[in-house]
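Be aware that the sequence shown starts at 1121, since it is given in this note's numbering, and climbs by one per residue.
Heads up, the beta-carbon is just placed ideally off N, CA and C, and yes, glycines get one too.
What follows is a set of notes on a single structure, which appears directly below.
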Amino acid sequence: MVSLFGSKSLLGLDIGSGSIKAVQLKDLKDGHELELLGIMPLHPSIIAEDSIADTVKLGEALKELIKKFNIKTKNTVISISGHSSVIIKRITLPEMTEEVLNENIRFEAEQYVPFGIEDVNLDYQIIGPAEEAGQIDVVLVAVKKDLLNSYVNVVKDAGLVPVIVDVDAFALENMYEINYHSSEEKNVALVNVGATNTTINILRNGVSAFTRDSSIGSKIHTETLMRELEVNIEAAEKLKRGQEADGISAVKAEAVINSASEEIVMEITRSLDYFSDTPDIGSIDELMLGGGGAMVKGFKELITERTGLTVTLMNPFSKIKISKQLDAKYVESVAPLAAVAVGLALRRVGDR
Ligand SMILES: Nc1ncnc2c1ncn2[C@@H]1O[C@H](COP(=O)(O)OP(=O)(O)OP(=O)(O)O)[C@@H](O)[C@H]1O
Ligand SMILES: [Mg+2]
């Protein structure tokens, strides 16, 4: 394929409310190599309620990240997430060519998008023939324009060129595809617990069958610890990692952490149950956990107990070679945090 950018690798930039993650992968003959992994924590006031609350501070953080990790690649893939501004729907339509669908998609989308159709950017992908003859399954993605533009503008202002805008749920799927996909028939729930959002994408034999973003995340661990144990945010961050802080032992913090975990797990199981209750789909066989929340002390154990599923932490680098320039131990220690960013960095211009 001839493309303006060739198949050059892009910078995967996951701008989360808790931290920015940047990943760059080099294409090898038989896979990929991680060339760059940069993480920059963000103050909780910079991105709030799914939108950018402080453009200036976010721009500064991006520039700092670019400088600190010596990022030279300009062409960037970003993602947008959050239940209030992103709609992902799997819909069934009468069979039609891509061309005809292209003309009709706005009209079809109107009934699924709870905002004015003129206020959203639309994208879609034909999944394939539906179970019913003469029908096709299509995934529809609608993102609020103002939200999308605000992210695009911040990224541009920092000197980068956004060439692809993705959504977290699909980035996770991409990450899964290259690291874990097998021909085995199963339903796998990808669950990414961020600071303020939890993204779920349930894959049925490797293809997305259900997605949901919930506005709950590991920020509630931090807030619960700060409130119940009267500690500051720095101490709470340590306690979440199973370390002691401000003279509070890890054991004492555990009960408080678990009470917050229960809330997140309840939200996740609600979505999983909804999926399992859909006729002809069946149950979930496996759960993979990513995002910073996945690493909170005791979280994986708790969700394993509550769901009865086999739970694995996502390692987005499990099939990716780590460059010798990087500290492999460090990369391993933050791996689940980079799940979305790796999925973004895997994109190439011209992909569909
Ligand atoms: N090693 C760790 N142990 C425990 N918690 C961690 C660890 N690393 C990060 N976290 C927590 O994970 C959260 C950040 O995770 P992540 O970077 O996935 O979120 P985000 O992408 O910035 O947020 P969102 O996608 O919700 O906007 C923070 O609440 C942070 O305290
Ligand atoms: Mg995130």
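State yes or no: is the C-beta of Leu1433 within less than 8 Å of the C-beta of Val1311?
The beta carbons of Leu1433 and Val1311 sit no closer together than 8 Å.
Answer yes if the segment 1295-1315 comes into contact with the segment 1428-1443, meaning at least three C-beta pairs across the two stretches below 8 Å, and no otherwise.
yes
Helix, strand or coil, according to DSSP, for Thr1175 in the structure here?
helix
CB-CB length for Gly1132 against Ala1461, believed under 8 Å:
5 Å
For Pro1282, list the residues DSSP reports as bridge partners.
Thr1196
Tell me whether the beta-carbon of Lys1420 lies closer than 8 Å to the beta-carbon of Leu1409.
yes
Could you tell me how far apart the beta carbons of Pro1285 and Ile1198 are, in whole angstroms, since I believe they sit closer than 8 Å?
According to the sequence as given, residue 1285 is Val; it is not Pro. Contact between Val1285 and Ile1198 holds: their C-beta atoms lie close to 6 Å from each other, under 8 Å.
Say whether the segment 1462-1470 touches the segment 1134-1150, bearing in mind that this needs 3 or more beta-carbon pairs closer than 8 Å, one atom from each stretch.
Because the criterion of three Cβ pairs below 8 Å is met, the segment 1462-1470 and the segment 1134-1150 touch.
Same chain, Cβ closer than 7 Å to Ala1458, five either side skipped, listed in chain order
Same-chain partners within the cutoff: Lys1141, Val1143, Leu1157, Pro1436.
DSSP state of Pro1161, grouped into three classes?
strand
Check each residue's C-beta against every heavy atom of ligand 2 and list, in chain order, those closer than 5 Å.
The filter returns Gly1136, Gly1314, in chain order.
Alpha carbon to alpha carbon, how far is Ala1448 from Asn1190? Give it in angstroms, no decimals.
18 Å
Just to confirm my understanding: we take Gly1126, look at its own chain, exclude 5 residues before and 5 after, and list those with CB closer than 6 Å. What are they?
For Gly1126, the pLDDT reaches just 47, beneath the cut-off of 50, and the residue's location in the model is therefore unreliable, leaving the point undetermined.
Looking only at its own chain, which residues have a Cβ that is under 6 Å from the Cβ of Arg1324, when we skip the five neighbours before and after it?
Closer than 6 Å at Cβ, skipping near neighbours: Asn1307.
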